[in-house]
Structures are given as C-alpha cells and as structure tokens.
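S.K.: In full-length UniProt numbering, the protein residues as written are 1 to 375.
One structure coming up, written as structure tokens, with questions to follow.
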C-alpha cells in the first residue's frame, strides 16, 4: 500500500491530495462553519489562471446612503451614485518538503515513515493557514493613519490596565461575563450580532472555564456515550482554543518616588498580555488558488542508500473584508509572515480619491475585533 502511494513512478498527486483532504481539518472546518471564511468567485477567477498575477486590485461596491430629501412638490430631486472602493488582494504561497530514508523502514521492521508524513500533511497545512490568519490580523491591527487608527482603536478592547473590581472583588483585567459583549458593541454597534467565532489562547479559555462562562459542545458516539468536544461557545460564539494566539510579556515595575507626589510609580508584578480575536460572517474572503503541482514525490536511489521526498506547495488568499493589502513592504511575489504582520502593508479600502473626495469604508462594517487581557 505504501509503495502504491509513494513510489516516485506511480505517485498520483491528485489521489494524494484527495487522501489528505479526507483527514478532518478542525481549524479550517470550524472557521468555515462559522462563516468567518467566505468564498469569493472574483478572487478565484483573477488568480486561478496560469498567467494570473500574484496581486490584484479588485473593485468593492459601496453602499447607498445619504439623507432623504423632502417630497413636497416643490423641491427638485437630486440623485447620488454609489462609490466603488479599491481593494488590494495578495496570494500567499507556501511550500515544504519531507524526506524519509529506505533504511529507516528496513531497521524498524517495515514501519512506513512516509505514511506517517502523509497522515499529518493536512494538519500541517491547517497550522500554516492559522499562522497566515494570525499574521494578517497582527498587520491589520498595526495599521497607521487617521482612518486606520479609528478602526484599530474602536475594534480593540484592552482591559490589561483595568484596576476596577467586580461585585465579588475580582480585578477586571481578565475576561469577565460582560467582556465580549462590550467589546463587540464598541467595535460594531448594532452590527455586533454578525460576530460568530472567537480564537483565544488556552489561558483565556481556562479563565472562562473557571468562571463557568465557556460551554463545551457534546457529541454522542456510536455506543450512545455523550462526550465533550474540544469546541466550546462563549456568549453563543464558537470558540477555537489555540496557543498560537499573540502574547506579550510585560516586565515587573519597581515602586519609585514618593506616594502621593508627582512622579510616583506604583509597583507592578510581571504579567502576560493575551490577544483574543473575534471574527464575524465574511470577515475573510478565502480561496484556495492552488499550485501547478501541489504534491510531488522525488526518488533519490543514491543518497543514504535510497530515500523518498514528498514536496507540498500551496497558494491561498485570505483577504480581510474592507481592508486592502498595499504591497508597500513586500520584497518577493509572495508575502512572508513578517510582511503580513507589517501594518504598512494594510489600509482600509477607499475610493481611490484624495482630500475631500476621499471616502473610506465604515469601520463598523468590518467584522473583526480583538480583546487584550491578562487572561
């Protein structure tokens, strides 16, 4: 069976791709179920051809609006046209290879190490996609400029410096019962119901568990036994627990100066900042653009007595709604993780005009928010 799948002469990349896709991909599947990732045919059509580019500026239709006129039989009716916004979209390409020696299988009694690699490829790709999403979100919240700063400030709820306590005496710089609802209202106002999923560090999830605010979903197996799943909900939003979420270590501060006088600095213990991302319907347009050869096997009979290498390539688009990739700091034809996290590469979409004619998307329409807490 291993030879049928991995011998370099008979390797079928299409069959291998179908094989890997049959393995459950929890992170991507749940993101799609939450509707945070949404397909976009325009993006797919733009990038799918072999002669396609790696970056494109696509039109994004504006909404109708404006104040209504008084219909009194005397006032001339004036019409307005909608603006078309411009949105930069980039394809993120990634590749990886794994090599296993024939001798490893010989000395272990026929254990197929390449079978083990194949079983893990889909999980590896899921981790790649998760990293891409996180780096894009880091870049989005590192944007600068007047309009961009409005988005960053209103879509961020940082409670790490809060010193107030609740009715039970607990300091409210960790997530509480009202944290999520308050953060989403701040970000989107009456549009807050669009948010459907939260991605958080296990430390934040544990705190929610201790407060009995996290409810784990259950599933009944074939034997009729109900088991807890690793998926939970918080205020009705699906929760993904992932320790790849951003953290920041804040150093301890020693007391200095005289208490009650100007310049006094109170002592503060070291702590960790945890970032939780909350996404809504259509937060990202997602398309798997594909590579010419997504999977490939190479047989080297000489090196180390013989070895097989599996190569993987992918090209995908994760385009945040209402936010444009600018390419201001992108050296090659695919952005690195560092470039995705660079705020200068992102800006709110606008109509391409300047000064008083410039119009920027309403930040409340963007279903992306973050909560920064101590746990």
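Ideal Cβ positions, reconstructed from N, Cα and C, are used throughout, including at glycine.
So, does the region 171 to 182 touch the region 143 to 159, judging by three or more C-beta pairs under 8 Å?
M.R.: Contact between the region 171 to 182 and the region 143 to 159 is present, because at least three Cβ pairs lie under 8 Å.
S.K.: Measuring straight from C-alpha to C-alpha, what distance separates residue 268 and residue 37?
M.R.: Each residue's Cα considered, the two are about 40 Å apart.
S.K.: Determine the burial state of residue 16: buried for a count of at least 16 other Cβ atoms within 10 Å of its Cβ, exposed for fewer.
M.R.: buried
S.K.: For the beta strand (DSSP E) that contains residue 333, what are its first and last residues?
M.R.: Run containing residue 333: none; DSSP gives neither H nor E here.
S.K.: Please classify residue 301: does DSSP put it in a helix, a strand, or coil?
M.R.: Coil at residue 301, not helix or strand.
S.K.: Do the region 284 to 303 and the region 243 to 254 make contact, defined as three or more Cβ pairs closer than 8 Å?
M.R.: With the cut-off at 8 Å, the region 284 to 303 and the region 243 to 254 do not touch.
S.K.: Looking only at its chain, what residues have a beta carbon closer than 7 Å to the beta carbon of residue 325, apart from the 5 residues adjacent to it on each side?
M.R.: Counting only Cβ-Cβ distances below 7 Å, and skipping sequence neighbours, we find 88, 89, 90, 345, 346.
S.K.: What did DSSP end up calling residue 181 once you bin it into helix, strand or coil?
M.R.: helix
S.K.: For a quick check, are the C-beta atoms of residue 309 and residue 99 less than 8 Å apart?
M.R.: yes
S.K.: Do residue 183 and residue 371 have their C-beta atoms closer together than 8 Å?
M.R.: yes
S.K.: Take residue 127 as the anchor and find which of 262, 307, 244 has the nearest alpha-carbon.
M.R.: 244
S.K.: Going by beta carbon distance, what residues of the same chain come within less than 8 Å of residue 272, once the five residues before and after it are set aside?
M.R.: 203, 247, 248, 249, 250, 374, 375
S.K.: Where does residue 12 land, buried or exposed, given buried means 16+ other C-beta within 10 angstroms?
M.R.: exposed
S.K.: Mind reading off the beta-carbon distance from residue 307 to residue 101? Whole number of angstroms is fine, and I expect it under 8 Å.
M.R.: That pair is a contact at about 5 Å.
S.K.: So, using beta-carbon positions, are residue 215 and residue 233 closer together than 8 Å?
M.R.: Cβ distance < 8 Å, so residue 215 and residue 233 count as in contact.
S.K.: Check each candidate in 340, 296, 277 and name the one with the smallest Cα separation from residue 240.
M.R.: The shortest Cα separation from residue 240 among 340, 296, 277 belongs to 277.
S.K.: Give the list of continuous alpha helix (DSSP H) stretches no shorter than 4 residues that lie fully inside the region 56 to 90.
M.R.: none
S.K.: Assuming residue 320 contacts residue 283 (C-beta within less than 8 Å), just tell me the rounded distance between them.
M.R.: At roughly 7 Å, the Cβ-Cβ gap stays under 8 Å, so residue 320 and residue 283 are in contact.
S.K.: Using only the alpha-carbon positions, how far apart do residue 137 and residue 261 sit?
M.R.: The alpha-carbon atoms of residue 137 and residue 261 are separated by roughly 41 Å.
S.K.: According to the neighbour-count rule (16 or more other Cβ atoms, all chains shown, within 10 Å of its Cβ), is residue 111 buried or exposed?
M.R.: The pLDDT assigned to residue 111 is 48, lower than 50, so where the model puts this residue is not dependable, and the model offers no usable value.
S.K.: Which partner residues of residue 241 appear in the DSSP bridge assignment?
M.R.: 200
S.K.: Exposed or buried, what is residue 322 when buried is set at 16 or more other beta-carbons lying within 10 Å of its beta-carbon?
M.R.: buried
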